[in-house]
Structures are given as structure tokens and as C-alpha cells.
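Read through the structure below, which is laid out as C-alpha cells, and then see the notes.
Number of protein chains: 2
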Amino acid sequence: MTTSRKKAAPKTAKPAAAKKPVSAPKKPVRMAARKPAKLVGNMLIAQSGGPTAVINRSLVGAVLEARKHKEIQHIYGALHGIQGILEDKLVDLGREDIKTLKAVAATPSSALGSIRKKPTHDDCLAIFAELRRRNIRFFFYIGGNDSADTAYIINEEAKRAGYELHCFHIPKTVDNDLLENDHTPGFASAAKYVVQAFMGDDLDNASLPGVKVNIIMGRNAGFLTAASALARTYKGAGPHLIYLPERAFDIDAFPGQVEAVVKKLGRCIVAVSEGICDRDGTPIAAKFSHEVDSHGNVQLSGTGALGDLLVNLIRAKTKISRVRADTFGYLQRSFAGVASPVDEAEAAAVGAAAVKAATSADIDGSIAIRRKPGKKYAIRLERVPLSAVAKNTRSLPDRFIAKSGTDVTPAFIEYLRPLVGPLPVVARLKGYALRK
Amino acid sequence: MTTSRKKAAPKTAKPAAAKKPVSAPKKPVRMAARKPAKLVGNMLIAQSGGPTAVINRSLVGAVLEARKHKEIQHIYGALHGIQGILEDKLVDLGREDIKTLKAVAATPSSALGSIRKKPTHDDCLAIFAELRRRNIRFFFYIGGNDSADTAYIINEEAKRAGYELHCFHIPKTVDNDLLENDHTPGFASAAKYVVQAFMGDDLDNASLPGVKVNIIMGRNAGFLTAASALARTYKGAGPHLIYLPERAFDIDAFPGQVEAVVKKLGRCIVAVSEGICDRDGTPIAAKFSHEVDSHGNVQLSGTGALGDLLVNLIRAKTKISRVRADTFGYLQRSFAGVASPVDEAEAAAVGAAAVKAATSADIDGSIAIRRKPGKKYAIRLERVPLSAVAKNTRSLPDRFIAKSGTDVTPAFIEYLRPLVGPLPVVARLKGYALRK
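Protein sequences appear in the order of chains A and B.
Using this note's numbering, you'd call the opening residue of the first sequence number 162 and step up by one each time.
Using this note's numbering, you'd call the opening residue of the second sequence number 162 and step up by one each time.
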């Protein structure tokens with residue numbers, strides 16, 4: 162893994178050049194020769210948005226890397242993202258002992274606390290005042306696209322105010338919807354949870370046959386719902402139908418699609434994204450929820466309403482007697498003890514890479530994960546401009562969605578398998594039937 | 162671990178004597194001398210009720226033990242419990258290779274398929290006809306109290322029909338509500354899932370504060386809901402309130418209890434049993450579900466309605482803005498890869514013990530797990546009459562419920578810890594606050 166150590170292209174220049182992959186220098190680079198006026202000051206790091214199973218790996222990866230850099234004097238953490246800056250609730254991460262840091266790295270959820278808050282212009286002014294007062298020159302914000310947007314706004318305001326700040330976004334999201342990235346830390350561990358859930362639930366459904374609808378996280382991107390397909394380890398295994406936010410959900414066709422599977426297999430297990438929308442783009446779940454955060458996102462998780470709606474639809478339109486739903490909910494992102502080892506390593510690496518980049522010539526950006534071509538799984542890390550990952554998101558690409566619209570392609574399985582890593586083995590009896 | 166090898170007391174004799182613990186004989190028992198007319202024939206085993214993470218350990222434990230006993234000629238399995246007997250859907254487990262059996266043992270859910278069905282008198286007559294035709298003399302039914310009841314009915318009908326059958330129930334239930342048992346196979350693994358879920362979800366809730374309500378399985382017994390308390394690894398950790406079916410749920414007091422915790426801690430995470438009832442004994446969830454199985458049980462799982470009701474209550478009665486619910490659902494019993502090692506070993510042991518008992522002098526019964534007194538965790542297995550575990554269930558004892566009615570006692574934690582076994586380590590930052 163390597164990080165770009167080239168000088169960041171100015172915002173007005175071709176962004177493509179800034180994003181160009183840079184391979185690792187074969188000889189150690191003499192940093193001193195390239196940095197005439199090295200910025201010295203304190204560092205502040207914070208976490209934002211929905212927690213993940215590995216977001217603390219990124220935090221600790223950054224803190225441990227920062228301890229190696231003399232230009233970083235103090236390492237501070239803000240509690241609950243920018244709210245902690247606004248309220249001057251900071252902690253000294255430089256004083257944490259290594260044993261605690263390593264244990265925190267292995268702990269799910271955001272150790273510094275999180276927040277879903279978009280700073281106003283007044284917030285930004287207050288944030289700079291605090292950064293100035295604390296002589297903070299290196300700022301790291303771990304989060305998804307909304308958090309990258311927050312980092313971008315703070316960075317732009319810093320420039321306008323003439324305050325020299327090296328501002329980096331460190332990626333995380335279980336939705337896997339960040340632009341520029343092959344995948345993002347947090348996704349693989351959430352996917353592993355979804356896969357292990359489906360491996361067991363499929364056999365549960367096979368033992369007491371009926372219809373089982375499982376609702377999976379993913380506001381706009383179907384990656385996590387699609388991950389359920391990796392749970393198929395034998396012929397006839399579920400999920401038998403996969404409904405993604407990338408395809409319009411036809412509420413009238415749905416019961417018939419389920420019934421067709423039941424007629425063939427005697428049962429049906431269904432993976433449904435919480436973000437499924439009708440033809441007009443209205444989320445099906447939005448019909449039941451009116452709670453909206455400051456980024457304009459409707460609350461989709463934390464309610465069983467979508468699952469129950471789909472169960473009632475099947476019950477009303479078919480004669481299938483046993484129909485159940487589970488909403489996987491917050492456990493997908495926070496369950497203790499099911500993280501993907503690849504995800505853990507990569508999350509730590511992006512945290513460290515951001516600090517390396519910020520303390521070399523780069524002044525701002527986000528660290529993106531690129532997959533190297535070739536059969537063996539390998540990645541490289543790369544600096545990309547903040548603007549490239551802020552605000553907008555990506556969806557599951559068409560090449561990962563089967564023509565039927567209710568399944569994934571083999572290419573998606575190939576994409577996912579190395580991220581999730583080893584899975585429990587599930588086996589079935591050979592089942593030598595006795596003659597009647 | 163030892164099993165009773167004493168001759169079963171006749172049904173009319175003192176049942177207390179039959180239940181008396183019997184320690185392992187120090188010298189090998191000369192079986193031939195004690196069994197003048199040894200029963201020889203085929204064995205049939207089946208699984209019933211809700212699957213668990215370790216129910217296949219019991220199946221494979223019984224099958225592997227049966228292979229050691231010459232009086233068992235063929236080892237058959239019935240697909241989907243008694244329905245497989247009625248429909249003559251049997252498989253030859255004697256032909257399964259050892260590698261498959263060992264892999265199946267480690268797989269959650271019921272490998273033979275399950276059923277929730279109470280046999281009618283006509284069913285029983287049909288079952289005997291099938292058992293006779295197949296010369297089945299050893300019958301094992303793995304399940305909960307309803308399944309023990311089914312085994313009891315079949316056994317009684319067999320006696321009435323003058324058909325010699327050694328009929329054993331093998332315990333399993335995530336609810337942990339079987340009489341006579343210290344605990345039952347399946348519970349500890351489900352408890353481990355609940356604990357790991359709460360360990361992560363508590364930190365998720367701490368990072369984005371608000372109220373989180375988690376609905377946990379357990380029709381009449383609060384053991385699994387109470388297990389959430391083992392997730393508390395630091396001062397202030399959740400669950401902060403635990404609602405059990407053993408205590409009347411006061412729908413009017415509930416929002417205020419939650420609000421009081423939020424006032425103190427800034428957040429509140431709540432464990433709620435799906436089986437909570439009001440003062441009249443009516444399940445709160447029953448107000449939303451009218452589906453009933455042939456044992457008369459209302460469907461409680463597979464819907465998010467109870468969680469959503471409680472969320473709406475809190476929203477209506479308090480000013481707390483962030484309120485969420487998750488219903489843990491079927492994943493508690495079937496999630497792949499989170500079984501308790503102690504549970505795995507015990508589930509295999511009860512399966513083997515039933516076969517040992519049935520092929521020695523015992524003619525019928527259930528295998529119960531008793532905990533040995535002493536500081537170090539140890540159990541013994543014991544034969545108890547079928548009638549002692551059939552139909553009726555037990556609840557969480559009063560000594561495990563705190564006086565407040567919304568928590569457990571230290572005695573419960575002591576009871577639970579050795580069953581669940583090692584847990585992931587979660588850690589928090591020391592958090593050295595900066596001076597303002």
C-alpha cells in the first residue's frame with residue numbers, strides 16, 4: 162500500500178491529475194529537501210456519521226502514525242465530531258497508553274463519539290476560532306460522504322480565513338457509497354455480518370419453510386443488500402430474491418415474484434434494501450417515517466415498518482401461511498466480534514495514510530482505496546481531493562446487478578469475496594432417502 | 162458428565178426417585194448381566210420446534226453414539242419432525258460420512274428440518290404404523306417443551322398399543338424454559354449473540370446518544386432478555402432497563418422510566434422481551450399479532466411491531482428526539498459463527514447421553530442438565546421422566562430479578578457467565594479532557 166506524496170494539485174487545476182495513482186517510491190524520499198517550510202502544530206481528529214465495526218481502527222491508525230511525526234506536537238480528539246470542537250470538548254489522545262489504544266482499535270463503534278451535523282457558516286467561524294486558539298494545524302475527520310462534505314466546508318472556510326490547515330477526510334461507511342473508492346472501511350465487516358446472518362437464516366427458513374423477508378441497511382446504494390448473495394453455499398440456498406435501491410421496486414409485482422419461488426422451492430428468503438424506491442424514486446420506507454436529519458436524509462433504520470409492510474403484502478396477495486420479516490438494523494454496523502480482518506487492516510491503513518499525507522506535502526484531501534488489477538487481491542491508497550468524495554454518493558454499478566433486477570452477477574461475488582474473508586462453514590446432510 | 166443407568170422408575174412410582182442424580186459408576190458396568198432381554202431394532206431421530214445454533218450438535222452426538230451400539234441396527238432420521246414420519250420421509254443417517262456429520266454438527270439450524278405440530282390421536286396411530294413397519298425401537302425427539310410433549314404423547318400411545326419403544330426427548334431451546342434443567346442447549350449460544358449485540362449496540366448508542374429499544378426472543382421466560390446484562394463491561398454501560406415477561410409491563414410508567422435514565426446518562430438502551438405482558442397477563446405484542454400455532458402459541462417473532470409501538474410511546478410522552486428500535490429476531494437462534502463452546506459441547510453430550518440411556522436399561526425419558534455445586538462450573542446429565550419436562554415451562558426465578566423489576570441480580574450474571582464463555586473485548590478511551 163502506498164499513499165500519494167505528490168504535492169496536491171490546486172483546486173482549479175485538472176482534478177484528474179490529482180487523483181492519478183502514484184506508486185511507492187523505490188528509494189526512501191528525502192522529505193526535508195521537498196518541504197522548505199514545514200508546518201508545525203497540533204493535530205485534531207474526530208469521528209462523524211454512523212459508526213462501524215472498524216472506525217476505531219482508523220482512529221488508532223492515525224494516532225499511532227501521528228506519534229511518529231515531530232511536526233505534530235499534540236494529538237487531540239474532539240468528542241462527537243464538530244460538536245466537540247464547537248463546545249471545546251477535546252481529549253488528549255497523546256496521553257492514551259498503547260494497550261488502551263490497541264484495545265479501542267478492536268472495539269466497534271466510534272470511541273470519540275459521533276454526530277450527524279452539517280456546520281452552518283456561523284459554526285465554521287466558531288470552529289476556526291477554536292482551531293486557532295488550540296494551534297491546530299492538522300485536522301482529520303473520519304466519516305462518510307456527509308463527513309467529507311463537512312471537512313470540505315471547514316477546509317474552504319479555513320482557506321478563506323487565511324488560516325493554514327492541513328485538512329483530511331478519512332473514509333468509512335457501511336453503505337460503501339463513497340465516490341473514488343473501490344470500497345470503504347466498515348463495509349466489509351457489515352457485509353460479513355449480513356452474510357453470516359443469511360447463512361444461518363437461510364437454514365432456519367429451510368427447516369421451518371415459509372417466506373422470510375430480511376431488511377438490510379443502505380440508504381441509496383445496494384452494496385450491503387447485495388452482499389447477502391455471498392451466503393449461498395449450496396444449490397437452492399437463499400437469498401432467492403434481492404431487491405436493491407438501484408432498481409424500481411414494483412409493489413404490485415413483488416408478491417407474485419415471491420410466490421413463484423415458493424412454488425419452485427417450497428420456501429423463499431428475500432433480501433430487501435431499506436432504501437428501495439418506487440418508480441418515482443420515493444422510498445417505500447419513507448411512507449412510514451418523517452424524521453429527517455440536518456443533511457436531509459430520511460430515517461430508514463430503527464423501525465420494523467418496511468418489513469412488516471412487505472409481510473402484510475405477501476399475506477394479502479398470496480395464500481402462503483408462514484411469512485416473517487427481520488430488520489437487521491444497527492447490529493449490522495456495531496455487532497461485536499464479527500469484523501472482517503481485511504477491513505480491520507485497511508481501516509487502520511487509511512487512518513495512517515491520511516496522517517502521512519498531511520505531514521508530507523499534501524495540504525488536504527481524502528484517502529481513497531483503489532484495487533490493483535490482477536487475480537490476487539491487493540489495494541493501493543491514494544490521495545483524492547475532498548471535493549471528489551464530498552456530498553455525492555455512488556450506487557451499485559449495473560455490472561453487479563443481474564438482468565432480472567432481483568439478483569447480483571458473478572462479478573459482484575468476485576468483487577466481494579476477498580473483502581469479507583473467511584466465513585463459518587455451513588454443511589448439510591447428504592440425505593440418503595429411504596425407499597418408501 | 163454421567164447419565165443415569167438405573168432402571169427407569171415406572172410412571173406410577175414416585176417421580177422424585179426417578180429424578181435423583183446418579184453419579185458415574187467407577188468401574189465399567191457389565192451391561193449383559195443387567196439386560197436379560199435386550200431390545201434390538203432400528204433408531205429414528207428427528208428435530209422439532211425452533212432451530213438453535215447447536216441443535217445439530219445433539220443430532221450428530223446421538224448418531225455417533227448410536228454407531229457404537231450393536232443393538233441399533235439402522236440409524237434413520239425423519240425430515241421435519243413427526244411430519245416426516247407421517248409422510249414416510251426418512252433418511253439413512255448410518256450412511257452419512259463422518260466428515261459431513263462433523264461439518265453438520267457445527268452448522269446452525271435443524272439439519273433434518275423442523276416442524277411445529279402437535280400430533281392428533283389419528284397422527285399417533287399413523288406414526289406407530291410407520292414405526293412398526295420400519296422396526297423402529299429407539300426414538301429420539303430433539304426439541305423444547307412442546308416437543309417433549311409430543312414425545313410423551315407418542316410414548317403413551319406406544320404403551321397403550323403394546324409396542325415396545327424406547328422413547329427419549331433431547332432438550333433444546335433458546336428460551337431456556339424447560340423444567341428440570343439448569344439450562345438447555347441452544348440458550349447459551351443465543352445468549353452469546355444477544356450479549357455481543359448489546360456490547361456493540363451500547364457503544365453505538367453512546368456515540369450517537371438517544372434511546373434504543375431492543376426486542377429479544379423469549380415467549381414466557383426472560384432468560385434471553387436478562388442475558389443482555391452480561392454486555393455491561395464498564396460503568397454506565399447498557400442495557401439500562403430490562404423488561405422481562407416475569408414482571409407486569411406498565412405501559413404508562415415506561416416512558417418516564419426511560420426519561421429518567423436519559424436525564425442521568427444522556428442516553429438509554431433498553432432490553433425488552435417479546436413476551437412482556439400487561440397486568441392481566443395479555444402479551445403487549447399480541448395486540449398486533451393474531452397468528453397462532455397448533456400448540457396455541459401466538460406468533461411473537463418476525464415482526465417489528467412491538468419495538469415500533471414502544472418507540473412511538475416514548476416519542477409521544479417525552480421530548481427525546483432520537484428514539485430507535487431493533488427487533489433481534491431469528492438471528493438470535495440461527496446466526497452462523499457465534500455459538501458458545503460450552504453450549505456446543507453440552508448439546509453433543511445430551512444427544513449422546515439419550516442414546517446411552519435408551520440402549521441401557523432406561524426405556525423413556527428426557528436428558529436434563531444439572532449444575533454441580535462448587536465454584537468451578539461443571540454439570541452432570543440425568544434422566545428425568547418425559548412428563549416432567551413436557552408441556553409446562555419455567556420462568557426466570559425471582560432470585561435472578563432485581564427488586565426494581567427492570568434489572569437482573571448479580572446471581573444471574575454468575576449463573577450466565579460460564580455458559581456464554583469468552584466474549585470479544587470492548588474498550589473505551591481513558592479520555593483525558595483538555596482544560597477549556
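We put the CB at the ideal spot given by N, CA and C, even for glycine.
Quick caveat: nothing in here was measured; it's all calculated off a predicted structure.
Of the residues the options, which one's Cα is nearest the Cα of residue i?
i: B:K533; options: B:K353, B:S501, B:Y576, B:Y593; result: B:Y576
i: A:F329; options: A:L340, A:N316, A:V265; result: A:N316
i: B:I424; options: B:C438, B:G397, B:Y404; result: Residue identity differs from the one stated: residue 424 of chain B is Lys in this sequence, not Ile. Nearest C-alpha to B:K424: B:G397.
i: B:H401; options: B:L240, B:R428, B:R440; result: B:R428
i: B:K263; options: B:G222, B:N553, B:L273; result: B:G222
i: A:H579; options: A:A414, A:F415, A:K537; result: A small fix is needed here, since residue 579 of chain A is Pro in this sequence, not His. Selected option, being the one with the closest Cα: A:K537.
i: B:G490; options: A:G305, A:P346, A:V252, A:G361; result: A:G361
i: B:K346; options: B:A506, B:A421, B:K373, B:D469; result: Residue 346 of chain B is actually Pro in this sequence, not Lys. The candidate whose alpha carbon is nearest that of B:P346 is B:A506.
i: A:K279; options: A:N203, A:I314, A:V252, A:A387; result: A:I314
i: A:I437; options: A:A497, A:D249, A:G566, A:Q357; result: A:G566
i: B:L254; options: B:P269, B:L225, B:S270, B:I276; result: B:L225
i: B:K353; options: A:H344, A:V201, A:F496, A:D365; result: A:F496
If we call anything under 8 Å between Cβ atoms a contact, is residue i one with residue j?
i: B:V265; j: A:R393; result: no
i: B:I475; j: B:E435; result: no
i: B:R494; j: B:A351; result: yes
i: B:A227; j: B:V516; result: yes
i: A:S209; j: A:G245; result: no
i: B:I528; j: B:R544; result: yes
i: A:R555; j: A:A382; result: yes
i: B:L467; j: B:I445; result: yes
i: B:G333; j: B:I216; result: Here residue 333 of chain B is Lys; the residue named in the question, Gly, does not match the sequence. Yes, the pair counts as a contact, with Cβ atoms nearer than the cut-off.
i: B:T488; j: B:P416; result: no
i: B:A390; j: B:I574; result: yes
i: A:A598; j: A:Y302; result: Outside the displayed span of chain A (162 to 597) sits residue 598 of chain A, for which this structure offers no information.
i: A:A486; j: A:D469; result: yes
i: A:V374; j: A:V433; result: yes
Put residue i into one of helix, strand or coil per three-state DSSP.
i: A:V423; result: helix
i: B:H282; result: helix
i: B:N337; result: coil
i: A:Y491; result: coil
i: A:G274; result: coil
i: B:R195; result: Residue placement at B:R195 cannot be trusted, given a pLDDT of 45 that sits under 50; what the coordinates show is reported in the next sentence. B:R195 falls in the helix class under three-state DSSP.
i: A:V586; result: coil
i: B:A594; result: strand
i: B:P571; result: helix
i: A:V581; result: helix
i: A:N306; result: helix
i: A:R294; result: helix
i: A:S219; result: helix
i: A:N203; result: strand
i: B:F496; result: coil
i: A:Y324; result: coil
i: A:P182; result: Caution is warranted here: a pLDDT of 42 is assigned to A:P182, below 50, making its placement in the model unreliable, and the coordinate value is therefore given only provisionally. Here A:P182 sits in coil by DSSP.
i: B:P502; result: helix
i: B:T394; result: coil
i: A:T311; result: helix
I'd like the span of the beta strand (DSSP E) that includes residue i, first residue to last.
i: B:G526; result: 525-532
i: A:K373; result: 372-377
i: A:Y237; result: 233-239
i: A:L251; result: 251-253
i: B:F359; result: Looking at the DSSP string, B:F359 is not in any beta strand (DSSP E); the run it does join, the alpha helix (DSSP H), is 348-368.
i: A:A432; result: 429-434
Could you please give the first and the last residue of the uninterrupted alpha helix (DSSP H) stretch that includes residue i?
i: B:I259; result: 259-266
Item to check | Near-chain B residues of the segment 568-595 of chain A - C-beta to any C-beta below 7 Å | outcome: P585, V586, V587, A588, R589, L590, K591, G592, Y593, A594, L595
Checklist entry - Name the residues in the segment 489-502 of chain A whose C-beta lies less than 8 Å from a C-beta of chain B; which are they? => result F489, G490, Y491, L492, R494, S495, F496, A497, G498, V499
Checklist entry - For the segment 212-226 of chain B, which residues have a beta carbon sitting closer than 8 Å to at least one beta carbon of chain A? => result P212, A214
Item to check | Proximal residues, the segment 350-365 of chain B versus chain A, C-beta separation under 8 Å | outcome: Q357, A358, M360, G361, D362, L364, D365
Checklist entry - In chain order, what residues of the segment 298-328 of chain B put their CB closer than 7 Å to some CB of chain A? => result none
Item to check | Short-range partners of chain B found in the segment 226-241 of chain A, where Cβ spacing is below 7 Å | outcome: Y237
Checklist entry - Listed in chain order, which residues of the segment 464-480 of chain A have Cβ atoms closer than 8 Å to some Cβ of chain B? => result T464, G465, A466, G468, D469, V472
Next on the checklist: Short of 7 Å Cβ to Cβ, which residues in the segment 400-433 of chain B face chain A?
Outcome noted: none
Next on the checklist: Which residues of the segment 533-560 of chain B have a Cβ closer than 9 Å to any Cβ of chain A? Give them in chain order.
Outcome noted: none
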